[in-house]
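Trainee: This is the structure, below, for whatever I ask next.
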Amino acid sequence: MEEFIDVKGEDCGLRESIKRTLNGENVSADVDYRGHIFSIHYHPLKNERGEVTGAAVVTNDVTIQRQAERLAVSEQSAIKVAHMKSEFLSTMSHEIRTPLNGIIGMSELLAETKMDEDQAKYLTIIQNSGSHLLTLINDILDYSKIDSGKLVLEKRDFNIVALLESTASLFSQKFLSKDLKVSLIVDQNLTDLTITADEGRITQILINLVSNAIKFTPASGSISIRVVPLSKKEVYILREDKNSMKRRLAAQLKNEIVLSENAGAPRVIESDAGLLIEEAIASNEPVHVLFIVKDTGIGISKDTEERLFSPFFQALGTNRKFGGTGLGLSICKKLSELMKGDIGVVSKEGEGSLFWFELPLQINPVSVT
Ligand SMILES: Nc1ncnc2c1ncn2[C@@H]1O[C@H](COP(=O)(O)OP(=O)(O)OP(=O)(O)O)[C@@H](O)[C@H]1O
Ligand SMILES: [Mg+2]
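In short: position in the sequence shown from 1, add 264, done, that's my numbering.
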């Protein structure tokens, strides 16, 4: 008691607590003393006539417990603030999109009217800025929607080969103009399957990865998009032993030779994955499918690899040279996680990058094609 009084120059409420206890009250209080937190319980001791004759005091050092509780509270409020931020962004982006669509629509109509050369030049700048802003707003909207847990996945039946072909066809002009060799590779066991999942969101991840590959690969380089099923063991390695899987993928980054030189129909590769797909269908379990987008572009330094998937992160000099906002990969990560999958990268600076994502996909045993 004396010590408590000495240290703080006050009695940390002890006198008051004892007084209340001697008046017959049960008292509990935390006392902060020399960097430790003590939980003190005071119980009145009574004689057979019910008169208080003393007090029993029980003390516990609860420093660690209280620190954990405070941490949990500050974590909770940090999560709350982050969600409020997402919600604000989501509302704002939505509000901005409406007038922006008006500007873009009107500038399209204006482009069809008679203009002199200067006016046409200015209008092109308005249109380019408008569409850039729209992409940015859509990305922010997507990001905040996923972040605030508002994105609902849709389920639709689709075929992976068709998805791959239609995604690649979106970029055919860009592949040509940069003279990029492109190969689409699909495991033979996936070609005829009907998958039930959110086709649009899977396509969105692929589009982000492929447009990065195009953006960061100099002219005449090559890009390959590969889709293969994974065995349970491979999924385990991918999720639990990232380094070992990274070594495997790194070997692929080095060794794979690009065979086909246009995006046309995918090259079908043989494998013995048929059994694992049959087993998945029989037990109504999802098949884990690995998507790989590999390029021979500028690559990524080891120290930035981990941060690529954070929102607004761009490697040094990237924004100045290539534009963009640094949201693409963070959206891909959020989407992969939402679909209970995973995403990662293996890269070597100056040689190229291999981005992968893996998703557990439900197979529809009844073909709809
Ligand atoms: N294939 C790649 N090769 C080399 N660097 C890459 C590749 N893909 C991504 N990066 C690096 O990761 C950063 C983040 O990519 P992300 O797709 O999130 O953003 P961005 O492409 O810069 O902009 P946005 O996608 O929002 O238009 C890029 O700025 C770039 O530094
Ligand atoms: Mg991008």
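Even for Gly, the Cβ is constructed at its ideal location relative to N, Cα and C.
#1: By DSSP, does P363 sit in helix, in strand, or in coil?
#2: Would you kindly report the start and end of the unbroken alpha helix (DSSP H) that includes F439?
#3: Can you give, in chain order, each stretch of the alpha helix (DSSP H) that sits fully within the region 544 to 586 and has at least 4 residues?
#4: Determine the DSSP secondary structure at V450, reduced to helix, strand or coil.
#5: Considering only DSSP beta bridges, list what K445 is partnered with.
#6: Within 10 Å of its beta-carbon, does L623 have 16 or more other beta-carbons around it, so buried, or fewer, so exposed?
#7: When a residue counts only if its C-beta is closer than 7 Å to some heavy atom of ligand 2, which residues count, in chain order?
#8: With three or more beta-carbon pairs closer than 8 Å as the criterion, would you say the region 416 to 430 touches the region 356 to 374?
#9: Which of helix, strand or coil does DSSP assign to D380?
#10: Between the alpha carbons of G588 and Q437, how many angstroms are there, rounded?
#11: Could you have a look at E312 and say whether DSSP puts it in helix, strand or coil?
#12: With C-beta atoms as the reference, is F586 less than 8 Å away from K479?
#13: Check the C-beta distance from F619 over to K597 and give it rounded, since I have them as a contact under 8 Å.
#14: What are the boundary residues of the beta strand (DSSP E) that includes V295?
#15: Less than 8 Å between the beta carbons of G616 and D567, yes or no?
#16: By Cβ distance, which residues of its chain are closer than 8 Å to K496, with the 5 residues on each side in sequence left out?
#17: Roughly how far, in whole angstroms, is the beta-carbon of I471 from the beta-carbon of L434, given that I think they are within contact range, below 8 Å?
#18: Measure the C-alpha to C-alpha separation of F302 and S281 and round it to an integer number of angstroms.
#19: Buried or exposed: S488, going by 16 or more other Cβ atoms within 10 Å of its Cβ?
#20: Rounded to a whole number of angstroms, what is the C-alpha to C-alpha distance between G605 and M348?
#21: Beta-carbon separation of S508 and E569 under 8 Å?
#22: For ligand 1, any of its heavy atoms closer than 7 Å to the Cβ of I562?
#23: Under 7 Å Cβ to Cβ from E267, same chain only, skipping five residues before and after it: list those, please.
#24: Which same chain residues, not among the five before or five after L415, have their C-beta less than 7 Å away from its C-beta?
#25: Measure the C-alpha to C-alpha separation of G277 and N311 and round it to an integer number of angstroms.
#26: What does the Cβ neighbour count give for V609, buried or exposed, with the cut at 16 atoms within 10 Å?
#27: Checking the sheet assignment: what are the DSSP bridge partners for T458?
#28: Could you tell me if E525 is buried or exposed, where buried requires 16 or more neighbouring beta carbons within 10 angstroms of its beta carbon?
#29: Give the list of continuous beta strand (DSSP E) stretches no shorter than 3 residues that lie fully inside the region 404 to 433.
#30: Would you report the Cα separation of D406 and Q331, rounded to the nearest angstrom?
#31: In or out: A461 buried (at least 16 other Cβ within 10 Å) or exposed?
#32: For N476, which of helix, strand or coil comes out of DSSP?
Mentor: With the structure as the only source:
#1: Looking at P363 - three-state DSSP - the assignment turns out to be helix.
#2: Where F439 is concerned, the enclosing alpha helix (DSSP H) starts and stops at S436 to S441.
#3: Within the region 544 to 586, the runs of alpha helix (DSSP H) at least 4 residues long that lie entirely inside it are, in chain order, 566 to 569 and 582 to 586.
#4: Strand.
#5: Residue pairing from DSSP places K445 in a beta bridge opposite S486.
#6: The residue in question, L623, is buried, as its Cβ has 16 or more Cβ neighbours within 10 Å.
#7: Counting every residue whose Cβ lies closer than 7 Å to a heavy atom of ligand 2, we get N472, S475, N476, K479, G588, G592 and L593.
#8: Judged by Cβ distances under 8 Å, the region 416 to 430 makes no contact with the region 356 to 374, as fewer than three pairs qualify.
#9: Three-state result, D380: coil.
#10: Spanning the two alpha carbons is a distance of roughly 20 Å.
#11: Correct three-state label for E312: coil.
#12: Taking 8 Å as the Cβ cut-off, F586 and K479 qualify as a contacting pair.
#13: Distance from F619 to K597 at the Cβ level is roughly 11 Å; contact not present, criterion being Cβ atoms closer than 8 Å.
#14: Taken as a continuous stretch (DSSP letters only), the beta strand (DSSP E) holding V295 covers V291 to Y297.
#15: With contacts defined by Cβ atoms closer than 8 Å, G616 and D567 do not form a contacting pair.
#16: Hits under 8 Å: L540 and H552.
#17: With 8 Å as the limit, I471 and L434 qualify as a contact, their Cβ atoms being about 7 Å apart.
#18: The straight-line gap from Cα to Cα measures roughly 14 Å.
#19: When all chains shown are included, S488 counts as buried.
#20: Rounded to the nearest angstrom, the gap between the Cα atoms of G605 and M348 is 26 Å.
#21: No, they are not a contact pair.
#22: I562 Cβ: within cutoff of ligand 1.
#23: Below a pLDDT of 50, predicted positions are generally treated as unreliable, and E267, at 46, falls in that range; the measurement from the model is reported next regardless. Annotation for E267: no residue places its beta carbon closer than 7 Å to its own, counting only its chain and skipping 5 residues before and after.
#24: Non-local C-beta neighbours of L415 in its own chain, meaning closer than 7 Å and more than five positions away in sequence, comprise K409 and L602, ordered along the chain.
#25: C-alpha separation (whole angstroms): 26 Å.
#26: Burial call: buried.
#27: Its beta-bridge partners are N628.
#28: The pLDDT assigned to E525 is 47, lower than 50, so where the model puts this residue is not dependable, and the model offers no usable value.
#29: Within the region 404 to 433, the complete beta strand (DSSP E) runs of at least 3 residues are 420 to 422.
#30: Looking at the two C-alpha atoms, the distance is approximately 36 Å.
#31: The residue is buried, with at least 16 neighbouring Cβ atoms inside 10 Å.
#32: Assignment of N476 by DSSP, reduced to helix, strand and coil, places it in the helix class.
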